[in-house]
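Below: the structure, in structure tokens.
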Amino acid sequence: MSMASTELLPVERVVLITGAARRIGARTAEIFHQHGYRVLIHCHQSLADASVLADQLNALRSNSAFVLQADLNHADAVRALAETVLSQHARLDVLVNNASSFYATPLASVSEQQWLDLMGSNAHAPLFLCQALAPRLRASGGCIVNLTDMNINRGMAGFSAYTMAKAALQAMTRSLARELAPDIRVNAVSPGAILWPDHASDPVAHATQQAAILAGIPMARLGTPDDIAQTVFFLAHHAHYVTGQTWRVDGGRGLG
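For the sequence shown, our numbering puts the final residue at 278, and the numbers step up evenly by one.
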């Protein structure tokens with residue numbers, strides 16, 4: 023577990039964002055920070071990126087961003103992450119379950135280890151973080167926002183294990199919204215096509231796939247990390263009478 027100084031400022035609202043070192047998670051951290059939140063930036067392998075982000079945010083407001091490193095595929099690490107949050111921060115207002123493993127698992131070759139890996143970050147860790155942190159969230163009248171995926175409703179050839187894991191997270195959203203009400207709201211954001219993968223094994227095929235995806239989006243463009251981050255913030259900070267909902271942010275792609 024790696025983290026910066028832990029001086030407490032209880033008057034600040036606090037958000038824990040898993041997988042917050044890069045891409046959507048990092049932008050979400052920036053948005054919450056802009057609105058005065060103390061930001062807990064969880065990462066696993068992207069410690070350097072997380073540290074740079076924390077340094078940038080702390081340069082804007084001292085002792086406002088902290089890095090917590092944990093492998094969410096290990097139950098002991100999930101428990102340790104929760105214990106660090108509880109012991110080092112006087113309150114918690116928002117939990118954003120954003121961390122996610124994502125890769126293809128064709129039926130002919132999918133392994134049990136891949137299944138465990140994909141379920142680990144996408145479903146197992148969110149459930150047990152919610153369990154451990156619910157008392158602190160209840161004390162602050164806080165909320166949980168989960169990041170799912172529009173493809174759990176459409177299906178995604180070659181990605182059955184991933185979409186099953188995200189479907190579990192969406193089901194958890196609805197169930198916990200009932201179980202934790204009225205003290206804790208639980209919602210989800212379901213992104214569409216937001217960012218292309220960082221690397222493509224076949225650039226030509228990848229370009230063809232990109233064109234096909236864009237052709238199916240009524241808004242005729244990719245979304246941005248800011249589109250997702252702003253929705254997460256709205257659900258967490260403003261939508262006081264919304265719980266158990268999954269908000270699709272997909273440029274209309276899910277219309278059919």
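Ideal Cβ positions, reconstructed from N, Cα and C, are used throughout, including at glycine.
Since L155 and A104 should fall inside the 8 Å C-beta cutoff, what is the C-beta to C-beta distance between them, to a whole number of angstroms? About 6 Å separates the two Cβ atoms, so the contact holds.
Tell me whether the beta-carbon of H64 lies closer than 9 Å to the beta-carbon of A92. Result yes, Cβ atoms of H64 and A92 sit closer than 9 Å.
Straight-line gap, S182 to S73 (C-alpha atoms, nearest Å): Rounded to the nearest angstrom, the two C-alpha atoms are 34 Å apart.
Just verifying my parser: in three-state terms, what is the DSSP assignment at Q56? Shown here, Q56 sits in a helix according to DSSP, grouped into three states.
How long is the line joining the alpha carbons of D98 and S133, rounded to whole angstroms? Near 23 Å, if we compare the C-alpha coordinates of S133 and D98.
Confirm, please, whether the CB-CB distance from G276 to M172 is below 9 Å. Yes, the pair counts as a contact, with Cβ atoms nearer than the cut-off.
Selected residue, minimal CA-CA separation from T170, among T127, D248, N144, V37: The shortest C-alpha to C-alpha distance from T170 to any of T127, D248, N144, V37 is the one to N144.
Local Cβ density within 10 Å of L129, reported as buried at 16 or more and exposed below that: It counts as exposed.
Straight-line CA distance for S197 to D249? Distance between the alpha carbons of S197 and D249 is about 26 Å.
What alpha helix (DSSP H) runs, 4 residues minimum, are completely inside the stretch 70 to 130? The stretch 70 to 130 contains these whole alpha helix (DSSP H) runs: 97 to 110.
With 16 other CB atoms within 10 Å as the buried threshold, where does R207 fall? By the neighbour-count rule (16 or more Cβ atoms within 10 Å), R207 is buried.
Considering only the alpha carbon of each residue, which of Q135, N85, V100, I46 lies closest to H146? The candidate whose alpha carbon is nearest that of H146 is V100.
Closest residue to L79 among V107, W269, T50 (Cα-Cα distance): The alpha carbon of L79 has as its nearest neighbour, out of V107, W269, T50, the alpha carbon of T50.
Do you know how far the Cα of A187 is from the Cα of V118? For V118 and A187, the distance between alpha carbons rounds to 17 Å.
In its own chain, which residues sit with a C-beta less than 8 Å from the C-beta of G245, not counting the 5 before and 5 after it? Result list for G245: P213, G214, A215, I216, V271, D272, G273, in chain order.
Starting from the N-terminal side, write out each stretch of the beta strand (DSSP E) that is 3 residues or longer and does not extend beyond the stretch 178 to 256. You should have 207 to 213.
According to DSSP, is R35 helix, strand or coil? Here R35 sits in coil by DSSP.
Within the same chain, show all residues whose beta-carbon is closer than 7 Å to that of R44, passing over the 5 residues directly before and after it, in chain order. So the list reads S68, D71, once near-sequence residues are dropped.
Rounding to the nearest angstrom, what Cα-Cα distance links A121 and H96 in this structure? Their Cα atoms are separated by approximately 14 Å.
Do you know how far the Cα of M194 is from the Cα of I174? Answer to the nearest angstrom: the Cα atoms are 14 Å apart.
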